[in-house]
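Counting in the UniProt record's numbering, the sequence shown runs without a single skipped number right up to 914 at its last residue. Using N, Cα and C, we set each Cβ at its ideal position, and we do this for glycine too.
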Amino acid sequence: MRPLQLILSAFGPYADKLEVDFSKLGAKGLYLISGDTGAGKTTIFDAIIYALYGEPSGSIRESNMFRSKYADKNTETFVELVFLYNNKTYKLRRNPEYERPAKRGDKMVVQKPSAQLEAADMEPLTGLKEVTEYIENLIGLDRSQFTQIAMIAQGDFLRVLLTATKERSEIFRKIFNTSRYQQLQEQIKKSADSSSKKLEKISQEIEYYKNNILLSAGQQLPNTPVLDEFITALDTYINTDKEQQKQLDKLLRENEEKTAQNNTFIGQAQTIIKIRHDIKNSEQAIKDSQNIKEEYKHKYIAAQNCYDKEYKQVLAEIVTIKDNMRLYNELDSLMQEINTGQLNMQQLNNKKTAAAMEKKSMETQLLQIKEKKTSLENILVEKERCEKICADMARQLNELKNIQQQINEYNDMLLQCRKLQQQYKEKQQEYQSGQKNYAVQEKAYLDEQAGFLAQGLQENEPCPVCGSCQHPQPALLTVTAPSQQQLADEKQKLQLLEKKVNELSSQAGNIKGRYDALGTAIMEKARQIIGRVDKSLIREQVKEKSVIIETEQQSEQEKLVTIEKNVLLKEQLDKKLPLLQQQHDEKNNQIYKLEQDIAVLAANIESSNIKYEELTKKLTFADKQTALQALQNKEEYSNVLNDNVLQAKKYYDEKVNFIANEKAKLEVLNKQLNDDSIYDMEQLQNEHNTLLQQKEELTASSQQVNMRVVNNNKVRENIVKQAAAYEKILTEFIWQKDLAQTVNGMQSGKDKVTLETYVQMNYFDRIITRANTRFMVMSSGQYELKRRIDAENLRSQSGLELDVIDHYNGTTRSIKTLSGGESFKASLALALGLADEIQSSAGGIQIDTMFVDEGFGTLDEESLKQAIKVLHSLTEGNKLVGIISHVPALKQRIDKQIVVSKNMYKGSTLEIIT
1 MRPLQLILSA FGPYADKLEV DFSKLGAKGL YLISGDTGAG KTTIFDAIIY ALYGEPSGSI
61 RESNMFRSKY ADKNTETFVE LVFLYNNKTY KLRRNPEYER PAKRGDKMVV QKPSAQLEAA
121 DMEPLTGLKE VTEYIENLIG LDRSQFTQIA MIAQGDFLRV LLTATKERSE IFRKIFNTSR
181 YQQLQEQIKK SADSSSKKLE KISQEIEYYK NNILLSAGQQ LPNTPVLDEF ITALDTYINT
241 DKEQQKQLDK LLRENEEKTA QNNTFIGQAQ TIIKIRHDIK NSEQAIKDSQ NIKEEYKHKY
301 IAAQNCYDKE YKQVLAEIVT IKDNMRLYNE LDSLMQEINT GQLNMQQLNN KKTAAAMEKK
361 SMETQLLQIK EKKTSLENIL VEKERCEKIC ADMARQLNEL KNIQQQINEY NDMLLQCRKL
421 QQQYKEKQQE YQSGQKNYAV QEKAYLDEQA GFLAQGLQEN EPCPVCGSCQ HPQPALLTVT
481 APSQQQLADE KQKLQLLEKK VNELSSQAGN IKGRYDALGT AIMEKARQII GRVDKSLIRE
541 QVKEKSVIIE TEQQSEQEKL VTIEKNVLLK EQLDKKLPLL QQQHDEKNNQ IYKLEQDIAV
601 LAANIESSNI KYEELTKKLT FADKQTALQA LQNKEEYSNV LNDNVLQAKK YYDEKVNFIA
661 NEKAKLEVLN KQLNDDSIYD MEQLQNEHNT LLQQKEELTA SSQQVNMRVV NNNKVRENIV
721 KQAAAYEKIL TEFIWQKDLA QTVNGMQSGK DKVTLETYVQ MNYFDRIITR ANTRFMVMSS
781 GQYELKRRID AENLRSQSGL ELDVIDHYNG TTRSIKTLSG GESFKASLAL ALGLADEIQS
841 SAGGIQIDTM FVDEGFGTLD EESLKQAIKV LHSLTEGNKL VGIISHVPAL KQRIDKQIVV
901 SKNMYKGSTL EIIT
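See below:
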C-alpha cells in the first residue's frame, strides 16, 4: 500500500484545506517530516490511518476530536487519501462527526460521520463499516496490525525493549492475538478450581451428615479420617439399635396382653356396678310412677265429665252459625257495593277538582297570551327598523375598511414616490457629472487633434487651420486624451443616463398624480362618514369611528336577536290561542258530565246503606268475618274437649304400662346379679394405669431407637454416595490441577512459563532473529539480542526477558544496561523486526510506506549514521520511509522533507522540499 496524495481540511492543527503530494517524494527512499512540537507532524500519519480505518492511529485521540480548533466554522472537516495497491489506484474520503452551521438559520447542527471509497472498476462504496471492512480485506491488515507495521514509535518500542515478561506478554497479546491461549489457561484453571470447590463442598456435606448422626447415651463417633472405618463403626451402632428395637417390641407385646386381660376384668366389674345402679333406678321409678298414675287417673275423670256437660251445646251453636252464613255473604256484598261506590265517588270528585284547576289555569294562560299579543303588535316594524340600522352600520364599516386599505395604499405610493424622487435626484446628479466629464474629455480629444496637426507644422509654412506661418506655441500631444471610440462610448453612456433621468421623472410624476388623487378621494369618503377630518390624524379617526360603529352595531344586533325571538314568540302565540280556547271549552263540558255522574252514584250508595242496616238487625254477628271467627272458635273448643279426654286417657295408660315394664325389668336384673362376682375396682384401675405408663415408656424408647436406625441408615447412605462422588471428582482434580499448574506456569521448582508465554516465546525468537540483522549493523557488530533462557527466580513469571550479547568482550547482560543511544538502536531494530514478523504472519502483505517517530536525538554522529544506513536498507524494493523528527542533523542528511510550520493563531501549514 503506497499513499500518493493526502488532502486534509480543518483536520487537527491544520485549519485550511491543504494537500500532501507524496508522489513528489519519489517511489522509494527516506524523507524527513520536521517541525515544531505540536505542529502536526504525527497528524499526517493519523490522517492516513483515519482515512483507511475511520480511527486515529493510537488510543489517545478520538475521531470526534479531529475538528481543527483554528478552522472557520464554514470549512468542512474531512480527509481524502489516494493510494496505490497492487498497481490499482483507490480514492478514500472520510469526515468525522463535528458541528457546522445549519443551511437555514443561525443554529449549529451535527454533521454525521461518513466514508466513501472509489476505484476504476467498482461502484462507489459508502458506509463507515462497509468501507472499513473493504479496506481490511483489501490490505489484509486491521488498524492495529497496520500501525505496528507502518509506524515505528520510539517510545512504544523502548517500552517493549525494557519491560518485564508480564508487561511484554500483554503487549504481544494485543499484537499477535494470543489471548485465546490465555483464555485456555484460565478455562483450565477454572475447571481445576471448580473441581476443588466441588471436593470441598462434598467434604462439608459429609461433615454435615456426620453431625446429623444420632447416638444413644454412652456412644461416641470414631475419630478417624478413613471413611471405611467410620462407616464400619456406624454399622455397629445401627445393628446395636436394631437388637434393642427387637427387645422393646417384645416387651410392648407382653404389655398389650396384660392390658387386654386387665381391660376384661375392668369391663366385668363395670357391668356389675351398672346392674346394681339400674336396679336402684327401676325401684325408684316404680315408686314415683305410682303417684303420677293416680294423678293422671283423676285428670281423666275430670275431662270426661266436662266433655259430657258442654259438647252438645257447642255443636248446636256451630249449626246455627253455618245456617246464617248465606246472609253474611249478602251483607258482605252490600258492604262491597257501598265501599266501591264511595271510592268511585272520591275519584269523580278528584277528577272534578283537577278539571276545575286546569280550567282556571287555562283562563290565566288565555289572559296572559292576549296581553302578550297586544304588547307585540308593532314587533315587525321594530324588526325592519333594526335590520336597516344594522345594514347601514355594516356598509359604513365596510367603507371605513376600504378607507384604511386606501390609506395603506396611499402610504405605499408616498414611499414609492419618495424613492423614485431620490433615484431621480441621484441619476440627475450622475447625469450632470457625466456632462461635465464628457465636456472635459471632448476638449481633451479636440486638443489631441490639434496636437496631431501641430506635429506636421514647419517654420515659415502656413498652418492649415489658422494660416499663420509663425508657430510660437504649437499644440502638444497628451497621454490622457481619449480616443474617438472612448469618446463615443462616453457619449452613449451619457445618453443612457439622460434617458434614465427622464424615465424616473415621468414615473415619479405619474405616482405623485395617483397618490394626490387617492388622497383627495380618501378625505371625501372619510368626511361623509366621520364629518370633520384632520388629514394628519385620519388613520386614528377612521379606527376610532370603526370602533364606535362596531360597538353600536353589536348593540343593535343584540336588539335584533331579541326582536327576532319576539317575532317568533308572536307567531307561536297566534297559533296557540285558538287551541287553548278550544281546550277551555272542552274542560267545561267535562266538569258538567262529572257533576251528573256524582249525583247518580250518591243515590245508589244511599240505597245500599238502607239494605245493609236492615240485614244487620237480623244477624248475631256484625259481619261474615266475625261469624267465621266465632265458628272457628266453637269448632276448636269442641275439638279441645275431645282432645282433653283422649290425652288424659293416653297419659294414664302410658304410666300403667311403664310400671308393668319396670317391674319386669327389675325381675330380670335381680336374676343377672351374681353375688359371687366380686371385683376390687380400685386395684384393677391401679394395675391399668401402671400398664399404660409402662407402654408409654416402652413406646418412647422404641421411637427413639427407631429414629436413630432410620436417621443413621439415611446418613450412611448419603455418606457412601458422597464418598463415591468424592473419589470420582478427586481423580479428575488430580490431573486438572497438574495441567492447570503446567499451562499457567505454576509448577513448583520450575520456570514460571505459561502456555501463552510459551507461544509468545516462539514469536519473540523470530522477532529477535529479524531484529538482530539490523541491530548488528547499527552497533557495528558489537551487540546481538537474545531471549533469556533461565529465569532470574522461580517466583516471577518468566520466558520473555531480553538480554544482549556483547561480542566485543564476549559477555551476556541485561538489555537494561545499554545506554540511551544503544537502547534506541535496539528498540528500533526490535520494532523493525516486529513489523517484519507481523507482515510475514499476515501472509506476505507488502506495505510500501513506513513512518519512524523520534528517538534520534539520543544518538551520536556514528550511531546516527548507522541508523540511517539501516533505514535506507528498508527502502530497497520501492519502499518509502518517513522519519518524524526535529533533530537538526537529519535535515542535513535527508534531502526530501515535509516541513510543518505552526502558527498559534491560524493553525499549521506544511511545505514539501525535494
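Exercise. What residue from Pro222, Leu331, Gln892 and Thr754 has the CA that sits closest to Ala627's CA?
Worked result: Leu331
Problem set entry | Opposing strand residues paired with Thr77 [DSSP bridges] | Answer is none; Thr77 lacks a bridge partner.
Exercise. For Asp676, does the three-state DSSP call read helix, strand or coil?
Worked result: Bear in mind that the predicted position of Asp676 carries a pLDDT of just 48, short of 50, making it unreliable; the figure below should be weighed with that in mind. Here Asp676 sits in coil by DSSP.
For this session: Give the DSSP-derived three-state secondary structure of Gln741 in the structure shown.
Result: helix
Exercise. How many whole angstroms separate the CB atoms of Gly12 and Leu128, which I take to be in contact at a CB cut-off of 8 Å?
Worked result: Between Leu128 and Gly12 the Cβ distance is about 20 Å, and since that is not below 8 Å, they are no contact.
Exercise. What three-state label does DSSP hand Gln553 in the structure shown?
Worked result: helix
Exercise. Is the beta carbon of Lys879 sitting closer than 8 Å to the one on Lys73?
Worked result: no
Exercise. Can you tell me whether Glu448 is buried or exposed, with buried defined as 16 or more other CB within 10 angstroms of its CB?
Worked result: buried
Problem set entry | Candidates Ala835, Gly820 and Gln892: closest to Leu162 by CA position | Closest in alpha carbon position to Leu162, among Ala835, Gly820 and Gln892, is Gly820.
Problem set entry | Whole-angstrom distance between Leu594 and Lys351, CA atom to CA atom | 8 Å
Problem set entry | Ser59 versus Asp853: straight-line alpha-carbon distance, rounded | Caution is warranted here: a pLDDT of 47 is assigned to Ser59, below 50, making its placement in the model unreliable, and no coordinate value can be reported.
Exercise. Residue range of the alpha helix (DSSP H) that Glu490 falls in?
Worked result: Judged by DSSP secondary structure, Glu490 falls within the alpha helix (DSSP H) whose first and last residues are Gln484 to Ile530.
Problem set entry | Extent of the continuous alpha helix (DSSP H) to which Asn223 belongs | Run containing Asn223: none; DSSP gives neither H nor E here.
Exercise. Which residue from Gln270, Asp228 and Gly38 puts its Cα closest to that of Asp680?
Worked result: Gln270
For this session: Give me whichever residues DSSP pairs with Ser908 in a beta bridge.
Result: Answer is Lys902, bridged to Ser908.
Problem set entry | Nonlocal neighbours in the same chain, by C-beta distance under 7 Å from Gln244, ignoring five residues either side | Val705
Exercise. Under a three-way DSSP split, which group does Ile60 fall into?
Worked result: At Ile60 the pLDDT is 43, less than 50, meaning the model places this residue with poor confidence and gives no usable figure here.
Exercise. Rounded to whole angstroms, how far is the Cβ of Ala51 from the Cβ of Arg94, which I believe are closer than 8 Å?
Worked result: 6 Å
Exercise. Where Gln557 and Asp392 are concerned, what is the direct C-alpha to C-alpha distance, given to the nearest angstrom?
Worked result: 12 Å
For this session: Take the Cβ of Leu691 as the centre, count every other Cβ of all protein chains shown within 10 Å, and call the residue buried at 16 or more, exposed below.
Result: Answer is buried; the Cβ neighbour count reaches 16.
For this session: Determine which residues share a DSSP beta bridge with Asn95 and list them.
Result: BP columns for Asn95 point to Ser114.
For this session: Report yes or no: do three or more beta-carbon pairs, one from the region 533-542 and one from the region 515-523, lie closer than 8 Å?
Result: Inter-segment contact for the region 533-542 and the region 515-523 is present: three or more beta-carbon pairs are separated by less than 8 Å.
Exercise. Based on Cα-Cα distance, which residue from Leu580, Ile188, Gly26 and Asn744 lies nearest to Gln736?
Worked result: Ile188
Exercise. Taking C-alpha atoms, which residue in Thr731, Glu756 and Phe733 lies nearest to Val743?
Worked result: Glu756
For this session: In the DSSP assignment, find the beta strand (DSSP E) that holds Ile273 and state where it starts and stops.
Result: Per DSSP, Ile273 belongs to no beta strand (DSSP E); it is in the alpha helix (DSSP H), Leu227 to Asp323.
Exercise. Are Lys597 and Leu348 close, meaning C-beta to C-beta below 8 Å?
Worked result: In the sequence as presented, Lys is not what sits at residue 597; that position holds Asp. It is a contact, given that the beta carbons lie within the stated cut-off.
Problem set entry | Touch test, the region 352-371 against the region 575-583, Cβ-Cβ under 8 Å, three pairs minimum | The region 352-371 is in contact with the region 575-583.
Problem set entry | Met357, buried or exposed, once every other Cβ within 10 Å from all chains shown has been counted against 16 | exposed
For this session: Identify whether Gln572 lies in helix, strand or coil by the three-state DSSP scheme.
Result: helix
Exercise. What does Lys869 pair with, by DSSP beta-bridge criteria?
Worked result: Lys869 has no beta-bridge partner at all, per DSSP.
Exercise. Going by C-alpha distance, which of Leu18, Phe45 and Asn263 is nearest Asn686?
Worked result: Asn263
Problem set entry | Where the alpha helix (DSSP H) containing Thr773 begins and where it ends | Leu755 to Met778
Exercise. In terms of alpha-carbon separation, which member of Arg2, Ile33, Asp278 and Glu256 lies closest to Ala664?
Worked result: Asp278
Exercise. On the three-state DSSP scale, how would you describe Ala164?
Worked result: coil
Problem set entry | Supposed contact pair Arg787 and Ile768 - C-beta distance, whole angstroms, cut 8 Å | Their Cβ separation, rounded to whole angstroms, is 6 Å, which keeps Ile768 and Arg787 in contact under 8 Å.
For this session: List the endpoints of the continuous alpha helix (DSSP H) containing Val131.
Result: Leu128 to Ile139
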